[in-house]
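Structure record follows, encoded as structure tokens.
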Amino acid sequence: MEDRLLADKKNNPLAEKLFKSGTLIFASLIIMLFIWMVLVLFFESRMSIQKFGFQFLTSTDWNPVKGHFGALPFIFGTVVSSFIAIAIATPISIGAALFLTELAPKWLKAPIAFLIELLAAIPSILFGLWGLFVFVPFVREWLETPLMSILGWLPLFSGAPIGIGMLSAGILLAIMIIPIITALSRDVIESVPTLQKEGILALGATQWETIWRVVLPIARPGILGAVILGLGRALGETMAVTMVIGNRPEIKASLFAPAHSMAAVIANEFTEAVEDIYLSSLIEIGLLLFLVTFVLNALARMLIWSLTRGQGVEGRL
Amino acid sequence: MKPSRLAYRKWMNLMMRSVVILFTFLALIPLVSIIGYIVYKGYGAINWDFFTQLPKPVGEAGGGVGNAIVGTGILVGIASVIGIPIGIMSAVFLNEYSRKGMLSSIVRFVVDIMLGIPSIVIGIFAYLEFVRPFGNFSALSGGLALGIMMIPIVVRATEEILRLVPDSIREGAYALGISKAKTIMRIVIPYATKGIVTGIMIGVARVAGETAPLLLTAFGNHFWSKKLTEPIASLPAQIFDYAKSPYEDWITKAWGAALVLIFFVLSLNILARIFTKKRYKNVA
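Same order as they appear, the protein sequences are chains A and B. Its first residue numbered 1, the first sequence is counted upward by one per residue in UniProt numbering. Its first residue numbered 1, the second sequence is counted upward by one per residue in UniProt numbering.
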């Protein structure tokens, strides 16, 4: 190959320019596509924004027949299920990340990291299928029924344990974001300087004390970034949630009750929305999702980037 | 230090180590359960008809999801035609022409943000711009939506790989009088091919399982699609439809389709993994 390259040494300046501007055009295309998306979302939700204003966020009345659209039940469902997910996924992910960086014997690290990556590769619809037929019955029998008999006097755990509802959606989301938080936390923890760890170990600290007093404090901003990124994923997750959350636009105190989510309502109702205002309201929900995930992503990347600068960590998402 | 304190510290150490191991174990249970159940419930649905036949109406036994398998292939094909060239060319721009420029910083930022946009939002965009103006759902609009999702994945992966190509290789080419574009096309990219292919495989695997944007664009079809401007069936959308249905036969088909999909997605990921392993050996 080298011979041929050298043989036609005649470099064509036009081809050079074309190639260079080609890459430039494609790169700019990404920016334009992004701006296009933002503009379309704003423009198409204008009708709903103008008609309902701020009430859109605070009203619980979602009534396509009467033309009233309030997104609070969906916002509530999305926020609560995502926070259940974060509350469960964070400790488990940090635990798994610590195992992968500090505790696991060398021969075990790669296979376990690989398996966790595989979990991230499973499509959302398959989490939904498994969730509906395997996980929901499990939650009903082994989580909700005992919870109700012990803590049923709390509004949080009241009502019939039907399995389909907020709790199942939250835990399923937790399972889906564990690989993301684990992978990022692992990279952040790995970037903690060895010298610091050796220092405290030399003073006689146990392994856990090293982790607790040195590793975790240094890695904290990055882990926070990983958790925020996980939260962003949970907020926008559609298929798995819509299959297990129950799709009922109600706000109930009980975690056992069916609920709804922003992404799920778009998936379920978008193609049925015939009136303009109905469609526009659904698009406004999409716009809200977009804006929130935008802010969370920007924030998370800043936090992670500040710790692992130049290590190419971002690429593994 | 008092011995009791030391005992407590040792106990704490042991305790927390166990907790960490327990958490790792917890993180892996769902993976085993999901793959296990899909294989266990899905393999019964798999036969020759399953791959080649159209879905049969409720009540009739047999039939398959041939149109959904072909549909997923077509959708992923359209997505690749859009996502791969835009992704690779942009990555070349980022790493070869403008590593530190203002424009590249913006592109990198936008790519990061696009990775985090919920797929349903991309579905809305594709519906408004590619479905509504033409008046009907289509394979093309679905492929475009998936293509948009693929772009940032391919950019990220390719840029990271190009970064691993040592500068000495580029300098060597320049020293021989080979121009920049030719160096990139004939030396840098071939050197990085394995890594780029890996990135593409991950991107393909990711979009092949996407469902939400397809509900708003490709929609689904119970027959073979003859044109790209018609609605088209896909495995994920079919799984969603069948799983929601009350019919035992359809639910079994959903598990069968899930088995096909997970086999495809995980194979791509495992292959990519094998490629990457070799790549790191080469570079190191």
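Just so you know, even glycine gets a beta-carbon here, dropped at the ideal spot from N, CA and C. Note that this is a predicted model, so its numbers are computed, not measured.
DSSP state of residue i mapped onto helix, strand, coil
i	result
N13(B)	helix
T52(B)	helix
K227(B)	coil
I266(A)	helix
P246(B)	coil
E129(B)	helix
A104(A)	coil
P161(A)	coil
K197(A)	helix
F25(B)	helix
L203(A)	coil
S4(B)	helix
T211(B)	coil
G135(B)	coil
L255(A)	coil
L268(B)	helix
I169(B)	helix
N95(B)	helix
G62(B)	coil
S18(B)	helix
L261(B)	helix
S179(B)	coil
G152(A)	coil
F133(A)	helix
I46(B)	coil
F74(A)	helix
G220(B)	coil
A273(A)	coil
A284(B)	Residue placement at A284(B) is poorly supported in this model, since its pLDDT is 32, which falls under 50; the coordinates are not used for a value here.
A254(B)	helix
A233(B)	coil
P57(B)	coil
S33(B)	helix
G315(A)	In this prediction, G315(A) has a pLDDT of 41, which is less than 50 and means its spatial position is unreliable; nothing more can be read from the coordinates.
Run of the alpha helix (DSSP H) containing residue i, from where it starts to where it stops
i	result
S119(B)	119-126
S80(B)	66-92
M166(A)	166-190
L288(A)	276-307
R140(A)	Unbroken run through R140(A): none, as it is neither H nor E.
V154(B)	139-164
T198(B)	189-208
I184(B)	Segment: none, I184(B) is in no alpha helix (DSSP H) and carries neither H nor E.
E16(A)	13-52
F109(B)	102-116
Beta bridge counterpart(s) of residue i as assigned by DSSP
i	result
W62(A)	F69(A)
beta-carbon residue i near the ligand SAM non-hydrogen atom, thresh 7 Å
i	result
V131(B)	Only the bare structure without any ligand can be found here, which leaves the ligand SAM out of the picture.
Exercise for the section: Please list the segments of the alpha helix (DSSP H) lying wholly inside the stretch 205-250 of chain A, counting only runs of 4 or more residues, in order along the chain. Expected result: 207-210, 216-236, 239-244
Practice task
Using a Cβ-Cβ cut-off of less than 7 Å, give me the residues of the stretch 9-34 of chain B that come near chain A, in sequence order.
Solution key: R9, K10, M12, N13, M16, R17, V19, V20, I21, F23, T24, L26, A27, L28, P30, L31, S33, I34
Problem - Contact set between the stretch 122-143 of chain B and chain A, restricted to residues whose Cβ is under 9 Å from the partner - result: I122, G123, I124, F125, Y127, L128, E129, F137
Handout entry: Residues in the stretch 274-286 of chain A having any Cβ partner in chain B nearer than 7 Å
Key = I283, G286
Practice task
Scan the stretch 79-127 of chain A and note each continuous alpha helix (DSSP H) run of 4 residues or more that stays entirely inside, going in chain order.
Solution key: 106-121
Problem - Interfacial residues, the stretch 86-115 of chain B to chain A, with Cβ spacing under 9 Å - result: I86, G87, I88, M89, S90, A91, V92, F93, L94, E96, Y97, S98, L103, S104, I106, V107, R108, F109, V110, V111, D112, I113, M114, L115
Handout entry: Near-chain B residues of the stretch 109-123 of chain A (beta-carbon distance less than 7 Å), N- to C-terminal order
Key = I112, F114, L115, I116, L118, L119, A121, I122, P123
Practice task
Could you run through the stretch 46-59 of chain B and flag, in chain order, every residue whose CB is less than 8 Å away from some CB of chain A?
Solution key: none
Handout entry: Positions along the stretch 64-79 of chain A whose CB lies within less than 7 Å of some CB in chain B
Key = none
Practice task
Could you name the residues of the stretch 226-260 of chain A whose beta carbon sits closer than 9 Å to any beta carbon of chain B, in the order they occur along the chain?
Solution key: L229, G232, R233, L235, G236, E237, T238, M239, T242, M243
Handout entry: Members of the stretch 43-55 of chain A near chain B, C-beta cut-off 7 Å
Key = E44
Problem - Near-chain B residues of the stretch 182-211 of chain A (beta-carbon distance less than 8 Å), N- to C-terminal order - result: T182, T206, Q207, W208, E209, I211
Practice task
Taking a Cβ distance cut-off of 8 Å, strictly less, list which residues of the stretch 208-228 of chain B are near chain A, in chain order.
Solution key: A208, G209, E210, T211, A212, L215, L216, F219
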